[in-house]
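Chemist: Have a look at this one.
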Amino acid sequence: MTEPTYDLIIRGGRVATTTDVFEADVAISGETIAAVGRGLAAAKREIDARGKLVLPGGVDSHAHIEQLSAAGIMNADTFESATVSAAFGGTTTVIPFAAQHVGMKLPQVVEDYHALAKKGAVIDYAFHMIIADATRETVEEHIPALVKQGHASIKIFMTYDRLKVDDEPLLDILLAARQSGAMLCAHAENHGIIAWMVKRLLARGYTLPKYHAVSHARVSEAEAFTRLIGMAALIDQPIMIFHVSTAEGAKVIRDARGQGLKVFAETCPQYLFLTAGDLDKPGADGAKWMCSPPPRTHSDQEALWQALALGDLQTISSDHAPYRFDETGKLRAGPNPNFKQVANGLPGLEMRLPLLFDAMVSKGRLGLEKFIELTATAPAKIYNLHPRKGSIAVGADADIAIWDPNREVTIADEMMHDLAGYTPFAGRKLKGWPVTVLSRGRVIIDGNKCLADAGSGQFLARSGGEAAKPTGRLVADMDPERNFGAKLL
Ligand code: DUC
Ligand code: ZN
Ligand code: ZN
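Letter by letter, the sequence shown follows residues 2 to 490 in our numbering.
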């Protein structure tokens, strides 16, 4: 008897990429995709995918896992719970953070997060390194060394008291990113505006969660984007602007891209499906919907969808940042905290793809190919994980989500596999659900069962790749030939 040719075949589904949707079998040998075609030879095992969609597993390029908040509150999840919940939602690659706080040595921070992820993760992962303490040692020694070790993206905060990086150290970090070939990602909001608004609101007794949204005045986003883009242009350093929430912010990015600057940007489901009105609940309840930047208005949602359609925003990540609605998380300061005392963040790894599939594929907004691009292929490309991750192609890792496009589900808190204890999207009715999920050829989700072992996810070392390469056009101010003699230009 002849040996079966492949280890596994996913037979008869509709396979989709960013450009094509077609009926095919997908054959897997070991951990990678060996063939895509019709009537492929036998395998040791087969999955019947007739009537289903066979899609690349999602790539979630922004998630906070086992991370301390700015105020020192720990996320609700472990690497195991977060990645199990991601897998249930059809995501097979995640990029969380190795988060430095002031006084910490970056190599130790990275080592500590490695240890946590190695123990728990059930899907593959890379890290963005958060820099909160731009000492000379961090900037000149640690960043270059760690980028070489495969951590080719850096994240900074322009707000939050204990994390924010001011303009001058930010320029140092942009330069370090440029010299080591890393992407610079940013949480860009104007700290002074937010701090000033917070003080005025609290002094007048406006303490409920809904005032969190008021305190993050809209202009704080567009102003910080403009300042960051200006500094990045000075250094000629590519940047990724995280979680765009306003129409004005999206316009700043469109204009910068129109000038040929290498500015990438993402938004998140909370800015496409929630509004500031969701924070307006009795008592402290609105804290469950508190994140930064806050959800805005319906017209911002429309502007963000348009920006996604036009390519101004290239990815949709979750910004998963789960805190329980109890004294360990959102209510750490007591049952009636003022909005400034509440940890910012929402759980989102699990619901990112089902929410977007329902809106984009089932309801038809932008369609299946764009869904794959925004949630898998584009983040894999921008963070240099493609072609290994983010697509269904021969030679790629067999990271695959099989979706039942007709399954109808009403989201409920009890269904979630993360440890937040709630989802801000409870009660929504969705059509389309990931029913089987594979990571490197292993079935890790089969219906409502998780079959993956803690620690079976692998670290993905990566260099900066194409997206992180400077344009090569140094502005005159930075050019010694042209301006360090202070010539008139
Ligand atoms: N915003 C959040 O809402 N949570 C995590 C960090 C952030 O910037
Ligand atoms: Zn952020
Ligand atoms: Zn974040």
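Where a beta carbon is used, it is the ideal one built from N, C-alpha and C, also for glycine.
For the beta strand (DSSP E) holding Phe23, just list the boundary residues, first then last.
Modeler: Val22 to Ser30
Chemist: Thinking Pro348 and Pro380 are a contact (beta carbons under 8 Å), I'd like their distance in whole angstroms, please.
Modeler: Actually they do not touch by this definition, with Cβ atoms about 19 Å apart.
Chemist: Give the secondary structure of Val245 by DSSP, where H, G and I count as helix, E and B as strand, and everything else as coil.
Modeler: coil
Chemist: Is any heavy atom of ligand 3 found at a distance shorter than 7 Å from the C-beta of Ala322?
Modeler: yes
Chemist: With hydrogens ignored, establish whether the beta-carbon of Ser293 is closer than 7 Å to any heavy atom of ligand 2.
Modeler: Yes, the Cβ of Ser293 comes within 7 Å of a heavy atom of ligand 2.
Chemist: Looking at ligand 2, does it come within less than 7 Å of Phe243, judged from the CB to the closest heavy atom?
Modeler: yes
Chemist: Three Cβ pairs or more, each shorter than 8 Å: is that satisfied between the segment 435–449 and the segment 359–370?
Modeler: Output reads no: the segment 359–370 does not touch the segment 435–449.
Chemist: Rounded to whole angstroms, what's the CA-CA distance from Tyr7 to Leu273? Just pull it up for me.
Modeler: 41 Å
Chemist: Tell me which residues share the same chain as Gly14 and place their Cβ nearer than 6 Å to its Cβ, disregarding the 5 neighbours each side in the sequence.
Modeler: Ala50, Lys53 and Val55
Chemist: Between which two residues does the beta strand (DSSP E) carrying Asp491 extend?
Modeler: For the chain, the structure presents residues 2 to 490; residue 491 sits outside this window and is missing.
Chemist: What does the Cβ neighbour count give for Pro481, buried or exposed, with the cut at 16 atoms within 10 Å?
Modeler: exposed
Chemist: So is Leu439 buried or exposed if we call it buried at 16+ other beta carbons inside 10 Å?
Modeler: So Leu439 counts as buried.
Chemist: For Glu4, tell me which candidate among Ser30, Asp26, Glu24 and His217 has the shortest Cα-Cα distance.
Modeler: Ser30
Chemist: Select from Asn407, Leu386 and Ala394 the residue whose C-alpha is nearest the C-alpha of Tyr126.
Modeler: Per the Cα distances, Leu386.
Chemist: Could you tell me whether the Cβ atoms of Glu222 and His63 are closer together than 8 Å?
Modeler: no
Chemist: Nearest-angstrom Cα distance between Thr94 and Pro471?
Modeler: Each residue's alpha carbon lies about 26 Å from the other.
Chemist: Compare the Cα-Cα distances from Ala344 to each of Met417, Leu475, Asp167 and Asp162 and report the closest residue.
Modeler: Asp162
Chemist: Just to confirm, are Ala251 and Ile240 a CB contact at a threshold of 8 Å?
Modeler: no
Chemist: Look up Phe460 in the DSSP assignment and say whether it is helix, strand or coil.
Modeler: strand
Chemist: Does the beta-carbon of Asp21 have 16 or more other beta-carbons within 10 angstroms, so that it is buried, or is it exposed?
Modeler: exposed
Chemist: Just to check, is the beta-carbon of His188 closer than 7 Å to a non-hydrogen atom of ligand 4?
Modeler: This structure does not include ligand 4; its bound ligands are ligand 1, ligand 2 and ligand 3.
Chemist: Evaluate Glu351 with the Cβ neighbour count: other Cβ atoms within 10 Å of its Cβ, from every protein chain shown; 16 or more gives buried, anything less gives exposed.
Modeler: buried
Chemist: In terms of alpha-carbon separation, which member of Ala187, Lys331, Gln307 and Leu354 lies closest to Ser318?
Modeler: Scanning Ala187, Lys331, Gln307 and Leu354 for the CA closest to the CA of Ser318 turns up Leu354.
Chemist: Whose C-beta lies closer than 7 Å to the C-beta of Phe98 among residues of the same chain, with five residues either side of it excluded?
Modeler: His65, Gln68, Phe128, His129, Ile131 and Lys156
Chemist: Determine the contact status of Ile124 and Ala77, defining contact as a CB-CB distance below 8 Å.
Modeler: no
Chemist: Starting from the C-beta of Val148, find all residues in its chain whose C-beta is less than 6 Å away, skip the five residues before and the five after it, and write them out in chain order.
Modeler: Ser181 and Ala183
Chemist: Given Ser457, which residues of its chain have a CB within under 6 Å of its CB, disregarding the five upstream and five downstream residues?
Modeler: Val123
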